[in-house]
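One structure below.
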Amino acid sequence: MDINKELEELKSRALEQLAGTADLKALEAWRVFCLGKKSPLSQILRGLSDLPPEERRSVGALANELKALLESSLVQKRDSLQLAEVSALQEKGSLDVTLPGRPITQGRLHPTTQIVRQICDIFVAMGFQVAEGPEVEWDYYNFEALNIPKGHPARDMWATFWVDYQNEQGERPMLLRTHTSPMQIRIMEKTSPPVRVVVPGKVYRYEATDATHESSFYQIEGLAVDKGVTFGDLKGCLYEFARRLYGPERKARFRCDYFPFVEPGVEMAIDCFACAGKGCRLCSNTGWIEILGAGMVHPDVLRSVNYDPDVYTGFAFGLGVERIPILRYGIDDIRLFYSNDLRFLKQF
Ligand code: 2NL
Numbered sequence: 027m028d029i030n031k032e033l034e035e036l037k038s039r040a041l042e043q044l045a046g047t048a049d050l051k052a053l054e055a056w057r058v059f060c061l062g063k064k065s066p067l068s069q070i071l072r073g074l075s076d077l078p079p080e081e082r083r084s085v086g087a088l089a090n091e092l093k094a095l096l097e098s099s100l101v102q103k104r105d106s107l108q109l110a111e112v113s114a115l116q117e118k119g120s121l122d123v124t125l126p127g128r129p130i131t132q133g134r135l136h137p138t139t140q141i142v143r144q145i146c147d148i149f150v151a152m153g154f155q156v157a158e159g160p161e162v163e164w165d166y167y168n169f170e171a172l173n174i175p176k177g178h179p180a181r182d183m184w185a186t187f188w189v190d191y192q193n194e195q196g197e198r199p200m201l202l203r204t205h206t207s208p209m210q211i212r213i214m215e216k217t218s219p220p221v222r223v224v225v226p227g228k229v230y231r232y233e234a235t236d237a238t239h240e241s242s243f244y245q246i247e248g249l250a251v252d253k254g255v256t257f258g259d260l261k262g263c264l265y266e267f268a269r270r271l272y273g274p275e276r277k278a279r280f281r282c283d284y285f286p287f288v289e290p291g292v293e294m295a296i297d298c299f300a301c302a303g304k305g306c307r308l309c310s311n312t313g314w315i316e317i318l319g320a321g322m323v324h325p326d327v328l329r330s331v332n333y334d335p336d337v338y339t340g341f342a343f344g345l346g347v348e349r350i351p352i353l354r355y356g357i358d359d360i361r362l363f364y365s366n367d368l369r370f371l372k373q374f
């Protein structure tokens, strides 16, 4: 049959059927039948490329015109059917358009996200940049470049999830990062000093979950490398951070600690904000609360990213994010953070 004639017939049939549709369900059936992928009109449009050029142009114009007509008729019909449906309900008395609408529940940021942003803001104000990196890492970035060689006992500090991938040497070099430091290594590899960066993110430990342990949690690490960076810079910067986060009257205490990627290494504590150092349950009667670990970047770590340790020095630190609201609000179970219980989450 002549395609032009076929289009004419499609048009009159479609418009006639449309006039006869009495509700929205029938209208949807009409739409599928007349405008759907398998409709005769769509088949004609798809077949245009097989027609000789002159015919393609005239048939194409007609077919597209019909498509536009059917689409606009559909919209008109849908409007009038919807209006009719609403008035029918109103007449029956089963629709009251003056009732207030359902309230839209307002979402909020997760407590962890709130703390991460607060901490990053403090360091940004001191000239640090913020960077994020991959959660699946290579052994090299997570351990080797951080002065933790294969077989070294320091590796036992991190119970690690290894990814089930083997390279040609039969090694399994892929893992879920146990800290965010691998990203700092990546940044130092790509840039020259000065470097001032904080890296927030999710980290993983292969541990049974209980009230005080989660197998995944958040960490923020920071790094500053330049000529002439000293332990005094570390203390000044981290003390200022503690005062901005925990209040200007806070005192700070630094004591020796060991991390393979720093030398010397320290833990930093603040005087207990609950009892002002007198001793209470929160600080286990010591008057002090440990808030982070830090140290001067180990020369071997600088060498691994081709920084000359005779020219450059730096400090680094790391802290667990959930520990902050746990202490601040007396939360007794870390699993509450990631159980999606709105009764908990709505409190922050
Ligand atoms: C902690 C202690 C720390 C670092 C993290 C670091 C990173 C590089 C080089 C040297 Cl790239 N150090 N990070 C240093 C000292 C302590 O974290 O208790 N975190 C929860």
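With the sequence shown counted from 1, adding 26 to any position gets you our numbering. Positions of the beta carbon are idealized from the N, C-alpha and C atoms, including for glycine. Computed from a predicted structure; not experimentally measured.
Tell me histidine 239's beta-bridge partners as DSSP assigns them.
According to DSSP, which records beta bridges pairwise, histidine 239 is partnered with Asp236.
Look up arginine 279 in the DSSP assignment and give the residues it is bridged to.
Answer is Ala295, bridged to arginine 279.
Give me, in chain order, the residues of the same chain whose beta-carbon lies closer than 8 Å to that of leucine 61; leave out the 5 immediate sequence neighbours on both sides.
Only Leu67, Ser68, Lys93, Leu96, Glu97, Leu100 meet the Cβ criterion.
Within 10 Å of its beta-carbon, does asparagine 366 have 16 or more other beta-carbons around it, so buried, or fewer, so exposed?
Exposed: under 16 other Cβ atoms inside 10 Å.
Taking 7 Å as the cut-off, is the beta-carbon of valine 288 closer than that to any non-hydrogen atom of the ligand 2NL?
True, at least one ligand heavy atom lies under 7 Å from that Cβ.
Does the Cβ of isoleucine 315 have 16 or more other Cβ atoms within 10 Å, making it buried, or fewer, making it exposed?
So isoleucine 315 ends up on the buried side.
Assuming tyrosine 191 and methionine 200 form a contact by the criterion Cβ under 8 Å, report the distance between their Cβ atoms to the nearest whole angstrom.
Confirmed, about 5 Å.
Check whether the Cβ of phenylalanine 154 sits closer than 7 Å to any heavy atom of the ligand 2NL, and report yes or no.
Result no, Cβ not under 7 Å from the ligand 2NL.
Does the distance between the C-beta of valine 150 and the nearest non-hydrogen atom of the ligand 2NL fall short of 7 Å?
No, the ligand 2NL has no heavy atom inside 7 Å of this Cβ.
Hey, how far is the Cα of cysteine 306 from the Cα of aspartate 297?
Cysteine 306 and aspartate 297: Cα-Cα distance of roughly 11 Å.
Hey, is serine 310 close to the ligand 2NL, as in C-beta under 7 Å from one of its heavy atoms?
No - the ligand 2NL has no heavy atom lying nearer than 7 Å to the Cβ of serine 310.
Nearer than 7 Å: is that true of the beta carbon of leucine 249 relative to any heavy atom of the ligand 2NL?
Checking the Cβ of leucine 249 against the ligand 2NL gives yes.
Examine the Cβ distances between the segment 131-138 and the segment 165-181 and report whether three or more of them are shorter than 8 Å.
Verdict: no, contact absent.
For the segment 111-177, which segments carrying the beta strand (DSSP E) assignment without a break, of at least 3 residues, lie completely within its bounds, in sequence order?
Listed in chain order, the complete beta strand (DSSP E) runs (minimum 3 residues) inside the segment 111-177 are 162-164.
Below 8 Å, can you find three or more Cβ-Cβ pairs linking the segment 252-262 to the segment 338-350?
Touching, per the Cβ criterion.
Buried or exposed, going by whether 16 or more other CB atoms sit within 10 Å of the CB of tryptophan 56?
Classification of tryptophan 56: buried, given that the 10 Å Cβ count is 16 or more.
Looking only at its own chain, which residues have a Cβ that is under 7 Å from the Cβ of leucine 88, when we skip the five neighbours before and after it?
The residues are Asn30, Leu33.
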